[in-house]
Every structure is written in structure tokens, then in C-alpha cells.
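To start, the structure under review is shown below, and the notes come after it.
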Amino acid sequence: MVARLSSTPTDQLVVFGCDGVIIAMLLGKLLVLCILAVCEARMPLGVREALLALKRNPPANNEWWKTATFYQIYPRSFKDSNGDGIGDLRGIIEKLPYLRELGVQGFWMSPIFKSPMADFGYDISDYYDIQPEYGTMADFDALVAEAKQLGLKVILDFVPNHSSDENEWFRKSENREAGFENFYVWHPGKPNPADPSKPLPPNNWVSFFRGSAWQWSDKRKEFYLHQFSVKQPDLNYRNPRVVDQMKDVMRFWLKRGVDGYRIDAVPTLFEIEPDASGNYADEPLSGNTNDPDDPGYTIHIYTQDRNETLDMVYQWRAVLDEFQKDNGGDARVMMTESYSRIDIVMKYYGNGTVLGSHIPFNFRFITDLGKDSSAMDIYNTIKYWMSNMPTGQVANWVVGRSRRSIQD
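Residue numbers (this note's numbering): 25 to 432.
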């Protein structure tokens, strides 16, 4: 048996030879290409036992995601297993061999949590349960087990910016129950000279779904913030209880075997703090439209891309790394969705001291290219990301998603 061993960097190949059988090992990760019984039989006892131990308990792979291809699944339309016209977890299980045949290393599922489906699952009423139309927790466990059997990583869509207004947290907050009073962003509104009984929204912030980003609650007698649908109240990340609660949600699903998260709508996690009088400043007008209900009416400097959002991403990375440290296994990964300026997206990777998102989504192939793009357009798009990316980080290329793909 011939071996070449050294204190090599992680990307150097170390080759073992045994009667024509080759075992390629990246330092810290064993890739068994072929092991013949006759080869194992001829090995010294200690070497054979060491190889068997590695096969039983392979070392953690912290690099797998760097060369992985991920497939997005929208569960509702992917595969219906019971004939009710709605895709489900059992349907996904049936198609897992297909995913493996495609050559992908993992898949992420659009939200599967319990939801009234006002926004197709992005309005979550229970972060700890499965939408009944999709199946049960037992179905989810079976999906994870089968995926692991096939060597596929399971990524969940995590929606931390907002919940459903049917979530028990919101109902408790609306009722001012102890511990939940400030779980969401509330404001009494501005006085209405025309009708003092009907306060006006606190400011000119506009929802992505058009209209004011503030909705009046008759029960609480205050407005709540919703940067998306009125059915999706924004959680208050300036409340430590909210931060802890969402980290608990992450750990809950990690314990059930998921390999990471794709995190939705990251830029809107934080908004500016209220001033000394408890009021929120108006956002400046963009000048692009005269329609005050249009999301483009204002420049969202107070509701998007706050510095605190980056810190929250770094905290979530710490949750994933700590879980791996405590429980073993391969790296759990984080993918983050943001269409922010390139300099902001690059900060998602980390700040030089702490780590952030493994994969800050790069949508440039979708947003900047189309069917009429030239080879030079593609080159410039690639160069733009690579020239901005911090040293030592890994590029990623999103070529399709639920609403758009590169050929559009």
C-alpha cells in the first residue's frame, strides 16, 4: 500500500493505492470510489479497522455546500400522492429518486408550515407544525429519512420577518397578553383632525402589496406594521423574546434532521427605531410615481437593509454552527434572499470577524440576463459578482426560482 500524507490544505488531493483500487481523500473527508473485498483483506489490520470506522462514522463535511446544486420545490404543485389535487410531502418522497438522478445534492421546499394560505404559505400560523394539506409530522420525518438514505440534503424555507395574523403569537399580542405585548410592531397612529375616533396611519410607509404598511386593529385599538399583506404582521426583532423564539424554531427543525434554511425576505427584518416621542419618520419620496399606494412611491431607507439585519443573519449562522458542534454531522447551511445593492448583499457573507450566510443568493443571472443576452453580457454578470465578493467566499448562481428563470 502506497500513501502520500502531509499537512495539506483542504483542497489538496491525497491518494492511496491498493492493488489498482484508488481511494481519494480530501483532508477531513473520505471519498470512497471503490473498495474491493480482496483489497481490504490484504490491508494491515489497523488500517482496515480505521477504514471501517470511517465508513461507520464518516467525518463531518463542512465543504459539501460549496459545490452543491440545489433544487427548489413548491410543495403545493410538485407531486400529489393522494389525488386531492394538492401536492404533498408523500408526493415529494416519491420523487426523491428523480432528484438524485438529476445529480442535485439537496433541495429546498417553499414553506410547509401550518398556514391559512393567504400568501401561499408565507403567512405562517404555526412554525412548529405541518400544513395539513401537505401531510403530517410523521410524513415529514419520513421525507427526511428517505432523503438522507439517498444522500440528499433537506433545506427548509424559513420566513422570519412576519407571521400570519392567525398565529397565536399575534392574537396574544393583539390582546396585550403578558410577554407578547411587543411581539409585533404596534403604534397608536396619528390624530385625525377630521374624525378623532379614527386615527391615521403613523407615517407614509408603503406595503409591497400596495397601500399603507399599517393596519388598524379594532381589538387593540392600534396599528400594526405589515410590509407585506395585511394578513402578515411584522414581528418585532427589537424584542429579545422574538429573537429567541425564532432561534428556537430553527433548532426545532434542525433536531428533526433538516440540513439548513433558505431565509425569506431578509432585508425587511428591522425598521428604524421610533424617536423620543414614539413616532416613526416618513420615508423620502422617490419621485418615480405619484401613486402613494405604489411600493415605489418612497425610498425604503427606514424599513429595509438596516445594519441590525446583518447582525441577525450573523446570529442565525451562530445557531447553525453551534448546532453542528453540539450534534455532529455535516455543516448546516444558510441561504439568504435579498435583492439589495451588491455592497449590502456581500456583507451577508460576514464582517471579517463573524461568519454570516453561506449562500447569499446571487440573482444576477435572473435579473440582469435574458433570452437576448450575449456572451459578453454573461461574462460581465459573472465578473460583477466575483469582483465584489469578499476573499475566501464562495460564489453561487441562481438560474431559476418559483416565479422566474434565466430564459425569461
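Backbone N, C-alpha and C fix where the C-beta goes; we use that ideal spot for every residue, glycine too.
In this text the structure is predicted, and so the values were computed from the model without any measurement.
For lysine 172, the secondary structure class from DSSP, reduced to helix, strand or coil, is helix. Around the beta carbon of isoleucine 325, fewer than 16 other beta carbons sit within 10 angstroms, so the residue counts as exposed. CA-CA distance, valine 267 to tryptophan 340, rounds to 10 Å.
The beta carbon of threonine 405 sits closer than 7 Å to the beta carbons of Arg388, Phe389, Asp392, Leu393 from its chain, once the five residues preceding and following it are set aside; these are given in chain order.
The Cβ atoms of leucine 180 and isoleucine 116 lie no closer than 9 Å to each other.
Restricting attention to Pro140, Asn206, Phe194, Gly130, the CA atom closest to the CA of leucine 176 is found in Gly130. Here valine 418 has Lys90 as same chain residues with Cβ atoms under 6 Å from its own Cβ, once five neighbours each way along the sequence are excluded.
In this structure, proline 184 lies near leucine 293, with their beta-carbon atoms less than 9 Å apart. If the five residues before and after lysine 371 are omitted, its C-beta is found closer than 8 Å to the C-beta atoms of Leu334, Gly380, all from its own chain and listed in chain order. A direct Cα-Cα distance of roughly 31 Å separates serine 253 from aspartate 165. For lysine 177, the enclosing beta strand (DSSP E) begins and ends at 177-182.
Straight across, the Cα-Cα distance linking aspartate 354 with lysine 119 is about 24 Å. Where phenylalanine 389 is concerned, the enclosing alpha helix (DSSP H) starts and stops at 388-391. A check of alpha carbon separations from arginine 100 across Gln155, Gly281, Glu170 identifies Gln155 as the nearest. For glycine 284, the enclosing beta strand (DSSP E) has its first and last residue at 284-287.
The Cβ atoms of glutamate 295 and tryptophan 238 do not sit closer than 9 Å to each other. When DSSP states are grouped into helix, strand and coil, methionine 358 belongs to the strand group. Per DSSP, methionine 141 lies in no alpha helix (DSSP H) and is assigned neither H nor E.
When beta bridges are read from the DSSP output, isoleucine 97 appears opposite Met133. Annotation: tyrosine 326 is outside any alpha helix (DSSP H) and is labelled neither H nor E by DSSP. For isoleucine 154, the enclosing beta strand (DSSP E) has its first and last residue at 150-154. The beta-carbon distance between tryptophan 240 and phenylalanine 247, rounded to whole angstroms, is 5 Å. This is short enough to meet the 8 Å contact definition. Following the DSSP letters along the chain, one finds tyrosine 403 inside the alpha helix (DSSP H) bounded by residues 399-412. Here glutamine 173 is not near methionine 133, since their CB atoms are 9 Å or more apart. In this chain, the beta strand (DSSP E) harbouring glutamine 239 covers 238-241.
When secondary structure is reduced to three states using DSSP, valine 230 falls in the strand class. DSSP lists His211, Trp240 as the beta-bridge partner residues of phenylalanine 247. One thing to note: serine 236 has its Cβ no nearer than 9 Å to the Cβ of aspartate 318.
About 5 Å separates the beta carbon of valine 209 from that of aspartate 258, a gap short enough to meet the 8 Å contact definition.
For proline 308, there is no enclosing alpha helix (DSSP H), since its DSSP letter is neither H nor E.
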